[in-house]
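Visitor:
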Amino acid sequence: MQIDSIVSSIGIISEKLFKSIEGQAYDILDNIILIGPDILKNEPLNKIFYPDKINFIIVIANAFIFFYAIYYSLNRIVSMYNGGNVESVYNFILKLTIISLLVNNSYYLCEEILSFNEIVNQTIDKSLSDIIKKDINFKNLKEEVISLKAAVKSEFISLESIIKNTLSFFSISLLITFSIRYVTVILLIIISPFAIICLTSNLTRGIFKGWGKMLFINIIFQLFIKLLLVIPLLYSNKDNTIYKIILLGTMYMIYRLNNFIRDIMNQIQVPNLK
Numbered sequence: 277m278q279i280d281s282i283v284s285s286i287g288i289i290s291e292k293l294f295k296s297i298e299g300q301a302y303d304i305l306d307n308i309i310l311i312g313p314d315i316l317k318n319e320p321l322n323k324i325f326y327p328d329k330i331n332f333i334i335v336i337a338n339a340f341i342f343f344y345a346i347y348y349s350l351n352r353i354v355s356m357y358n359g360g361n362v363e364s365v366y367n368f369i370l371k372l373t374i375i376s377l378l379v380n381n382s383y384y385l386c387e388e389i390l391s392f393n394e395i396v397n398q399t400i401d402k403s404l405s406d407i408i409k410k411d412i413n414f415k416n417l418k419e420e421v422i423s424l425k426a427a428v429k430s431e432f433i434s435l436e437s438i439i440k441n442t443l444s445f446f447s448i449s450l451l452i453t454f455s456i457r458y459v460t461v462i463l464l465i466i467i468s469p470f471a472i473i474c475l476t477s478n479l480t481r482g483i484f485k486g487w488g489k490m491l492f493i494n495i496i497f498q499l500f501i502k503l504l505l506v507i508p509l510l511y512s513n514k515d516n517t518i519y520k521i522i523l524l525g526t527m528y529m530i531y532r533l534n535n536f537i538r539d540i541m542n543q544i545q546v547p548n549l550k
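So for the sequence shown, our numbering puts the first residue at 277; every next one is plus one.
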């Protein structure tokens with residue numbers, strides 16, 4: 277009797293948890309999955325990147341460029357006496373001019389990157405939506421998960437109930453993962469001027485490569501998510517066990533997607549910037 281009571285309590289808690297998730301988590305996931313140029317116009321970035329006001333991050337970045345120019349000048353003077361090998365003045369001026377332009381337009385470059393990424397994702401999303409005749413989003417995936425509700429009410433200990441409760445767990449995990457990704461993109465945009473400054477020296481160019489790779493991974497993330505969401509949404513027979521396994525596998529793949537993309541990127545050799 278006591279075991280039945282525990283099982284019943286777990287079932288009630290699980291049901292309440294799922295109801296909370298299906299009303300909020302999936303809808304929030306749809307709002308933060310696509311990171312486009314509008315992120316620059318929303319808080320907190322609109323407090324930093326504001327065309328009519330001074331951007332203190334750009335001011336600080338320009339100060340670093342100025343200090344680097346002073347360092348090069350002093351190093352050039354010293355090399356006249358000790359015969360040290362120093363970069364030519366022409367190369368230095370050309371490099372510093374290009375980097376200064378990139379730094380002062382870094383947020384514009386980020387906006388264009390996000391705009392291009394948005395166009396690519398919308399094009400692929402439209403093509404896939406035409407195939408399955410429905411929007412590819414977590415809202416429709418939520419409807420697929422809700423279809424398992426009848427099986428859960430009939431008995432708690434069953435394959436269907438285990439799958440559904442596992443999906444509830446993945447929904448919470450995805451919300452946390454996507455939130456981290458969203459904040460990561462915001463941080464990468466904020467520090468973009470300093471990442472570009474790292475191109476001035478061979479010692480710091482690896483930082484720029486790491487910044488670029490991280491930004492690329494986080495913005496291409498949404499493309500892979502759309503491709504994964506298509507798989508369960510293509511199914512018409514939702515009563516067989518294979519469909520439930522596909523649904524569970526899709527959620528797990530989305531949960532592990534960040535590591536999957538990172539593993540692929542680690543196999544790509546980025547050429548050295550000279």
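Heads up, the beta-carbon is just placed ideally off N, CA and C, and yes, glycines get one too. Bear in mind the structure is a predicted one, so any value in this text is a computation, not a measurement.
Inspect the CB distances between the segment 511-520 and the segment 469-479 and report whether three or more fall short of 8 Å.
Guide: With a cut-off of 8 Å, the segment 469-479 and the segment 511-520 do not count as touching, because too few Cβ pairs lie within range.
Visitor: Mind pulling the alpha helix (DSSP H) runs of 4 or more residues that sit fully within the segment 479-516?
Guide: As far as the segment 479-516 is concerned, its whole alpha helix (DSSP H) runs of at least 4 residues are 481-509.
Visitor: Measuring straight from C-alpha to C-alpha, what distance separates S405 and L417?
Guide: Approximately 13 Å, taken between the alpha carbons.
Visitor: From I465, F325, I501 and L505, pick the residue whose C-alpha is nearest to that of F484; which is it?
Guide: Out of I465, F325, I501 and L505, I465 has the C-alpha closest to the C-alpha of F484.
Visitor: On a CA-only basis, which of L523, E319, I412 and F470 is nearest I375? Give me that one, please.
Guide: Closest by alpha carbon: F470.
Visitor: Going by alpha carbons, who is nearest to L443 out of L499, L523, I507 and L377?
Guide: For the residues L499, L523, I507 and L377, the minimum Cα distance to L443 belongs to L523.
Visitor: Could you pull out every residue in the same chain whose Cβ sits closer than 7 Å to the Cβ of I408, ignoring the five residues on either side in sequence?
Guide: Excluding positions up to five away in sequence, the list reads V506, L509 and L510.
Visitor: With distances taken between CB atoms, is the gap from K410 to D303 smaller than 8 Å?
Guide: Contact flag unset, no.
Visitor: Compare the Cα-Cα distances from S468 to each of T453, F492, I448 and L479 and report the closest residue.
Guide: Ranking T453, F492, I448 and L479 by Cα distance to S468 puts F492 first.
Visitor: Since E387 is in the alpha helix (DSSP H), which residue starts that stretch and which ends it?
Guide: Unbroken alpha helix (DSSP H) run through E387: S382 to I408.
Visitor: For a test of the three-state rule: what should DSSP assign to D314, helix, strand or coil?
Guide: Here D314 sits in helix by DSSP.
Visitor: I need the straight-line Cα distance from N516 to L504, nearest angstrom please.
Guide: One C-alpha to the other measures close to 20 Å.
Visitor: Here's the rule I'm using: 16 or more other beta-carbon atoms within 10 Å means buried, otherwise exposed. How should T526 be labelled?
Guide: The residue in question, T526, is buried, as its Cβ has 16 or more Cβ neighbours within 10 Å.
Visitor: Identify, in the order they occur along the chain, each residue of the same chain with its Cβ nearer than 7 Å to the Cβ of P313, setting aside the five sequence neighbours on each side.
Guide: Closer than 7 Å at the Cβ level, and outside the excluded window around P313, lie E387, L390, S391 and E394.
Visitor: R352 lies in the alpha helix (DSSP H); which residues open and close that run?
Guide: Unbroken alpha helix (DSSP H) run through R352: F332 to N358.
Visitor: Are the beta-carbon atoms belonging to Y531 and L450 less than 8 Å from one another?
Guide: Yes, these two residues count as a Cβ contact at 8 Å.
Visitor: For a test of the three-state rule: what should DSSP assign to V461, helix, strand or coil?
Guide: In this structure, V461 counts as helix in the three-state DSSP scheme.
Visitor: May I ask you to report which of helix, strand or coil DSSP gives D411?
Guide: Three-state result, D411: coil.
Visitor: Does S477 come out as helix, strand or coil in the three-state DSSP assignment?
Guide: The answer is coil: DSSP assigns S477 none of H, G, I, E or B.
Visitor: Excluding the five sequence neighbours on either side, which residues of its own chain have a C-beta within less than 7 Å of the C-beta of N331, listed in chain order?
Guide: Counting only Cβ-Cβ distances below 7 Å, and skipping sequence neighbours, we find I324 and F325.
Visitor: Can you give the beta carbon distance from D306 to N413, rounded, assuming they're within the 8 Å contact cut?
Guide: Confirmed, Cβ separation roughly 5 Å.
Visitor: Tell me which residue opens and which closes the alpha helix (DSSP H) that I324 is part of.
Guide: Note, I324: alpha helix (DSSP H), L321 to I324.
Visitor: Determine the DSSP secondary structure at S583, reduced to helix, strand or coil.
Guide: Because the chain spans 277 through 550 in this model, residue 583 falls outside it and cannot be assessed.
Visitor: Looking only at its own chain, which residues have a Cβ that is under 8 Å from the Cβ of S355, when we skip the five neighbours before and after it?
Guide: Excluding sequence neighbours, S355 sits near N361 and V362.
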